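Take a look at the structure below.
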């Protein structure tokens, strides 16, 4: 038989729990604190390890990073630091956007990409800390691929306690394989990567994950788990031979050269053409020998 007193007490407790949940859901400070915790977890930095990169004196008690209720009291200091450390989108931290990572889009805007990379080189001359990842949904050659194209820049940051951490940027928005200007944008990214010595990786991803990645919804490291491990070579688009239809590539390379010179990047067009000639001569030498 149910004890009436216990039954009433359980109802009172349930009501209090529901009220507390509703208060938490309406608490914008708590939500922001939870986003910060979620962001570090997604970047493989759990709360108990955040202290290794946290500036001295920002939090006296490391356990305050374990739950949003305690962390929210320190948002004035922690939120700007977290935003800068992981390069998070400020509007996402405040709950005004669903996209946590910053975008640096260069579609028909070469100068934006050039200035961004120059700024990163100014911060540190070691551009080997970067790598670029180009995601698509099929295993076809890039000149015959279809569907979304997502370009991600990964930055490996300084090691703390011998453990590095990464942050991510989108270098694309709404690109697709096939359309001329989208493919030309890919060539621009690969061309600048070649200049800076940044490795470019081609990756294939499950369509559902690729759509979310293209929309920017969710953390890039989490969505990365949808990779299908069918690598390809985006940098081949710059060079004669290798993968891709030769006639198509020749037309695209000519358009790349014209566009770079028109936008004031003659030095980059000259460098690519010189490297292209040197690469072709090297291949011919290998074949003839």
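Numbering (this note's numbering), first residue to last: 18 to 306.
By construction, the Cβ of each residue, glycine as well, lies at the ideal position given by its N, Cα and C atoms.
Keep in mind it's a predicted model, so treat the numbers as computed, not measured.
Distance between residue j and residue i (C-alpha atoms, nearest Å)
i, j, result
"residue 60", "residue 184", "7 Å"
"residue 129", "residue 269", "21 Å"
"residue 167", "residue 220", "10 Å"
"residue 264", "residue 73", "58 Å"
"residue 23", "residue 87", "32 Å"
"residue 106", "residue 140", "20 Å"
"residue 46", "residue 89", "6 Å"
"residue 305", "residue 297", "Low local confidence applies: a pLDDT of 47 at residue 305 is under 50, so the model's placement there is unreliable, and no value is given."
"residue 67", "residue 151", "29 Å"
"residue 143", "residue 200", "28 Å"
"residue 202", "residue 159", "13 Å"
"residue 248", "residue 48", "38 Å"
"residue 218", "residue 262", "20 Å"
"residue 81", "residue 44", "17 Å"
"residue 303", "residue 75", "Its pLDDT being 45, under 50, residue 303 is placed unreliably in this model, and the coordinates cannot settle the point."
When the options are compared against residue i, the one with the closest alpha-carbon
i, options, result
"residue 83", "75, 50, 273 and 111", "50"
"residue 234", "115, 30 and 156", "115"
"residue 137", "77, 172 and 106", "172"
"residue 222", "263, 157 and 298", "157"
"residue 108", "190, 271 and 117", "117"
"residue 257", "290, 244, 231 and 285", "290"
"residue 241", "229, 251 and 252", "229"
"residue 85", "70, 57, 101 and 281", "57"
"residue 55", "69, 99 and 77", "99"
"residue 65", "79, 214 and 155", "79"
"residue 180", "239, 62, 209 and 192", "62"
"residue 120", "192, 133 and 186", "186"
Which residues DSSP lists as bridging residue i, in chain order
i, result
"residue 233", "Residue 233 pairs with nothing; no bridge assigned."
"residue 183", "173"
"residue 217", "149"
"residue 167", "152"
"residue 193", "165"
Cβ-Cβ separation, residue j to residue i (assumed contact under 8 Å), whole Å
i, j, result
"residue 216", "residue 148", "5 Å"
"residue 52", "residue 110", "6 Å"
"residue 188", "residue 169", "7 Å"
"residue 162", "residue 194", "4 Å"
"residue 127", "residue 205", "6 Å"
"residue 209", "residue 131", "7 Å"
Near the ligand PLP: residue i beta-carbon under 8 Å from a heavy atom
i, result
"residue 21", "Summarising the ligand content, the structure contains no ligands, and the ligand PLP is consequently not present."
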